[in-house]
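S.K.: My questions all concern the structure below.
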Amino acid sequence: MTTTATTTAEQLSATTLLRFATAGSVDDGKSTLVGRLLHDSKSVLTDQLEAVEAASLSRGHEGPDLALLTDGLRAEREQGITIDVAYRYFATPRRRFILADTPGHVQYTRNMVTGASTAELAVVLVDARNGVVEQTRRHAAVAALLRVPHVVLAVNKMDLVDYAEPVYAAIAEEFTAYATSLGVPEVTTIPISALAGDNVVEPSARMDWYAGPTVLEHLETVPVSHDLTACAPRFPVQYVIRPQSAEHPDYRGYAGQIASGALRVGEEVVVLPSGRTTTVAAIDVLGEPTDIAWAPQSVTVRLTDDVDVSRGDLIAPVAEAPELTREVTATVCHVADTPLTQGRVLLKHTTRTVKAIVEAIPSRLTLDDLSQHPEPGRLEANDIGRVRLRTAEPLALDAYALSRRTGSFLLIDPADGTTLTAGMAGDAFADSTAAAEPAPEADDEGWDF
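Numbering (my numbering), first residue to last: 440 to 888.
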């Protein structure tokens, strides 16, 4: 597949956007794959390529080491700097891409969760010589937990196994069976050699037994299934606009980003958590009126009645309103260095922040074999587990399985504002093996809801 070196502004405006994440241990060639993808898709600037060629030559390589294009994280690791997700942006005439290059080591699980949380596709890399290993299963489990709709297994280093089809077929079958058992809805397997460029951007002449797409071709053609307009409409209010000027003496608008679905003028809506009902009188987008707006547009909504609406409230159609709850059971990934224990926290959901209590930590998930460690008492950094929370005020929280936007939340340290935990409300793929949850204990820290 051949791509052009230039992409016009008109072409970009007509293309869709795909967010995807890559995962793989350092020895599986992830940096080389990303570098090859950027290089062969003509997404590398000339001066960047010249710098890579010079660095490769100084290291004794005959040709450019494409892994150097994405060597930042490796350099950070060698220097002992905190490792974070690296985002890269590139485009082809068919689609725009935001790539989250996530660390794959077990001690950086929290970073993969961060990078893959907004991804519509995850590329999991394996070494053809080693096959599906513990790290591979861990990456598949995180992708399934985050409800990533498309997973690509890139079986790399096929050149080191003589491009043997049986080797690839065995790995593909094992991974597909495992990912499917976790509930991953779609798995695509592609044999590649990132070093030689086989099936990354251009089809491989050395694997004529493979008739599927290259990595880039699949990225360009996979259906983007993050259609937020198909979900129930949700509009978290971020800011109340009251100019009170001579030109707009009575203007009262509620600004924010539509999280999902579409809002229409004349639609009967409810304001949560108060439960007051009214009608959408007008919708303004960039100062211009419109009859309909949809996610993820930023808009200002005006209502027919003068109801009490403030930041943190949620506007939704009466017919599709979420249920309010103060009891939250969720799967969480702990991201802070300090452990999560029972006690008080702040819970941030969309634009709303409320006091909450961690009542119980029923289990911690072992990603190696998906077993549950019952009642661990605490979650350490990178741990994934189940928690039960009670909030001081009701929340309009959807199940994460229904909406990744309004089904997720953060737990925050009330003392210093540090983000503690990323949460996903409702059931997880491992619920069938979850331990029985103990009865809540009385709160002794003054936040008795």
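Using N, Cα and C, we set each Cβ at its ideal position, and we do this for glycine too. For clarity, every value in this text was computed on a predicted model and none was experimentally measured.
What number of angstroms, rounded off, separates the C-alpha of G846 from the C-alpha of A840?
M.R.: Taking the sequence shown and counting its residues from 1, one reaches residue 846 at position 407. Taking the sequence shown and counting its residues from 1, one reaches residue 840 at position 401. Using only the alpha carbons, I get a separation of about 7 angstroms.
S.K.: Let me know the secondary structure DSSP gives N595 once reduced to three states.
M.R.: In the sequence shown, the residue the question calls residue 595 occupies position 156. In this structure, N595 counts as strand in the three-state DSSP scheme.
S.K.: Three or more C-beta pairs closer than 8 angstroms, one from the region 729-739 and one from the region 824-839: is that the case here?
M.R.: No, the region 729-739 is not in contact with the region 824-839.
S.K.: Given this structure, state the Cα-to-Cα distance separating A593 from L584, to the nearest angstrom.
M.R.: The count along the sequence shown starts at 1 and reaches residue 593 at position 154. The count along the sequence shown starts at 1 and reaches residue 584 at position 145. Distance between the alpha carbons of A593 and L584: 20 angstroms.
S.K.: Can you name the start and end residues of the beta strand (DSSP E) that Y602 belongs to?
M.R.: Locating residue 602 in the sequence shown gives position 163, where the first residue counts as 1. First-last for Y602: undefined, no H or E at that position.
S.K.: For A579 versus V563, is the C-beta distance shorter than 8 angstroms?
M.R.: Your numbering for residue 579 matches position 140 in the sequence shown. Your numbering for residue 563 matches position 124 in the sequence shown. Cβ distance < 8 angstroms, so A579 and V563 count as in contact.
S.K.: Go to G692, then tell me how far its alpha helix (DSSP H) extends in each direction, as first and last residue.
M.R.: Position 253 of the sequence shown, counted from the start, is the residue given in the question as residue 692. No alpha helix (DSSP H) contains G692, which is instead part of the beta strand (DSSP E) from G692 to Q696.
S.K.: For the beta strand (DSSP E) that L834 lies in, which residues bound it at each end?
M.R.: Walking along the sequence shown from the start, residue 834 turns up at place 395. Run containing L834: I823 to L834, per the beta strand (DSSP E) assignment.
S.K.: If L404 sits next to R791, beta carbons under 8 angstroms apart, how far is it from one beta carbon to the other, in whole angstroms?
M.R.: Residue coverage of the chain in this structure runs from 440 to 888, which leaves residue 404 outside it and unanswerable.
S.K.: Which residue wins for smallest C-alpha separation from F529, given the options L655, T739 and L711?
M.R.: The sequence position of residue 529 within the sequence shown is 90, counting from 1. The candidate whose alpha carbon is nearest that of F529 is L655.
S.K.: Skipping 5 residues on each side, what residues in its chain have a beta carbon closer than 8 angstroms to that of L560?
M.R.: Position 121 of the sequence shown, counted from the first residue, corresponds to residue 560. Around L560: L457, R458, F459, A460, V587, P588, H589, V590, V591, L658 and V661.
S.K.: Per DSSP, what kind of secondary structure is I610 in: helix, strand or coil?
M.R.: Here residue 610 is taken as the residue at index 171 of the sequence shown, counted from 1. The answer is helix: DSSP assigns I610 an H, G or I state.
S.K.: Please report the straight-line C-alpha distance between M646 and A611, rounded to a whole angstrom.
M.R.: What you label residue 646 is simply residue 207 of the sequence shown in a count that begins at 1. What you label residue 611 is simply residue 172 of the sequence shown in a count that begins at 1. Taking the straight line from one Cα to the other gives about 15 angstroms.
S.K.: Between the region 852-864 and the region 768-778, do three or more beta carbon pairs fall short of 8 angstroms?
M.R.: In short, these stretches touch, since the Cβ pair count reaches three.
S.K.: Using a Cβ-Cβ cut-off of 7 angstroms (strictly less than) and excluding sequence neighbours within five positions of D723, which residues of its own chain qualify?
M.R.: Here residue 723 corresponds to residue number 284 of the sequence shown, with the count starting at 1. The answer, listed in chain order, is G692, V738 and T739.
S.K.: Looking at the secondary structure, which residues open and close the beta strand (DSSP E) in which D540 lies?
M.R.: Here the question's residue 540 lines up with position 101 in the sequence shown. R534 to D540 is the extent of the beta strand (DSSP E) around D540.
S.K.: Measure the C-alpha to C-alpha separation of T628 and R803 and round it to an integer number of angstroms.
M.R.: Counting from 1 along the sequence shown, the entry for residue 628 is found at position 189. Counting from 1 along the sequence shown, the entry for residue 803 is found at position 364. Looking at the two C-alpha atoms, the distance is approximately 30 angstroms.
S.K.: Can you look up L655 in the DSSP assignment and give me helix, strand or coil?
M.R.: Numbered from its first residue, the sequence shown carries residue 655 at position 216. In the structure shown, L655 sits in a helix (DSSP, three-state: H, G or I).
S.K.: Pair every Cβ in the region 704-717 with every Cβ in the region 683-691, then say whether three or more of these pairs are closer than 8 angstroms.
M.R.: No, the region 704-717 does not touch the region 683-691.
S.K.: Taking contact to mean at least 3 C-beta pairs separated by less than 8 angstroms, is the region 630-639 in contact with the region 594-602?
M.R.: The region 630-639 is in contact with the region 594-602.
S.K.: Please classify V774: does DSSP put it in a helix, a strand, or coil?
M.R.: Looking up residue 774 in the sequence shown gives position 335. The answer is coil: DSSP assigns V774 none of H, G, I, E or B.
S.K.: Taking all protein chains shown into account, do 16 or more other C-beta atoms lie within 10 angstroms of the C-beta of L725, making it buried, or fewer, making it exposed?
M.R.: If you number the sequence shown from 1, residue 725 lands on position 286. L725 comes out exposed.
S.K.: Sorted by chain position, which residues of the same chain lie with C-beta nearer than 6 angstroms to G570's C-beta, five sequence neighbours on each side aside?
M.R.: Numbered from its first residue, the sequence shown carries residue 570 at position 131. Excluding residues within five positions, the ones whose Cβ falls inside 6 angstroms are I610.
S.K.: In whole angstroms, what is the alpha-carbon distance linking F674 and R844?
M.R.: The count along the sequence shown starts at 1 and reaches residue 674 at position 235. The count along the sequence shown starts at 1 and reaches residue 844 at position 405. C-alpha separation (whole angstroms): 11 angstroms.
S.K.: Let's test the definition: count the other Cβ atoms within 10 Å of the Cβ of P756 and tell me whether it reaches 16, buried, or not, exposed.
M.R.: Translated into positions along the sequence shown, residue 756 becomes position 317. The residue in question, P756, is buried, as its Cβ has 16 or more Cβ neighbours within 10 Å.
S.K.: On the three-state DSSP scale, how would you describe H687?
M.R.: Reading the sequence shown from its first residue, position 248 is the one you call residue 687. Here H687 sits in coil by DSSP.
S.K.: Runs of 3 residues minimum, wholly inside the region 728-805: which ones carry the beta strand (DSSP E) assignment?
M.R.: The qualifying runs are 731-733, 737-742, 753-756, 764-773, 782-788 and 791-805.
S.K.: Please list, in chain order, all residues of the same chain as I823 whose beta carbon is under 6 angstroms from its beta carbon, the five residues on each side excluded.
M.R.: On the sequence shown, position 384 is the one that residue 823 refers to. Cβ neighbours of I823 beyond the five flanking positions: C772 and L804.
S.K.: What is the DSSP secondary structure of Q811, reduced to helix, strand or coil?
M.R.: Taking the sequence shown and counting its residues from 1, the one referred to as residue 811 is at position 372. Looking at Q811 - three-state DSSP - the assignment turns out to be strand.
S.K.: Leaving aside the five residues before and after E759 along the sequence, list all residues of the same chain whose C-beta is less than 7 angstroms from its C-beta, in chain order.
M.R.: Residue numbering aside, residue 759 sits at position 320 when the sequence shown is read from its first letter. Once the five neighbours on either side are set aside, the close Cβ partners of E759 are A671 and P672.
S.K.: In whole angstroms, what separates the C-alpha of K787 from that of P853?
M.R.: The residue labelled residue 787 in the question sits at position 348 within the sequence shown. The residue labelled residue 853 in the question sits at position 414 within the sequence shown. Approximately 11 angstroms, taken between the alpha carbons.
S.K.: Return yes when the Cβ of V606 is within less than 8 angstroms of the Cβ of A644, no when it is not.
M.R.: Numbered from its first residue, the sequence shown carries residue 644 at position 205. Numbered from its first residue, the sequence shown carries residue 606 at position 167. Contact flag unset, no.
S.K.: Can you check which of these residues, T541, D479 and P542, is closest to T531 by C-alpha distance?
M.R.: For this step, residue 531 is matched to residue 92 along the sequence shown. Taking only the C-alpha atoms, the option nearest T531 is D479.
S.K.: Using alpha carbons as the reference points, say which of A462, T553, R576 and E573 lies closest to L849.
M.R.: To locate residue 849, count along the sequence shown from 1; it is residue 410. Comparing Cα-Cα distances from L849 to each of A462, T553, R576 and E573, the minimum goes to T553.
S.K.: Return the residue from the list E625, E707, T619 and I631 that minimises the CA-CA distance to D467.
M.R.: Residue mapping note: residue 467 aligns to position 28 of the sequence shown, counting from 1. Ranking E625, E707, T619 and I631 by Cα distance to D467 puts I631 first.
S.K.: Can you have a look at I851 and say buried or exposed, based on whether 16 or more other CB atoms are within 10 angstroms of its CB?
M.R.: The sequence position of residue 851 within the sequence shown is 412, counting from 1. Burial call: buried.
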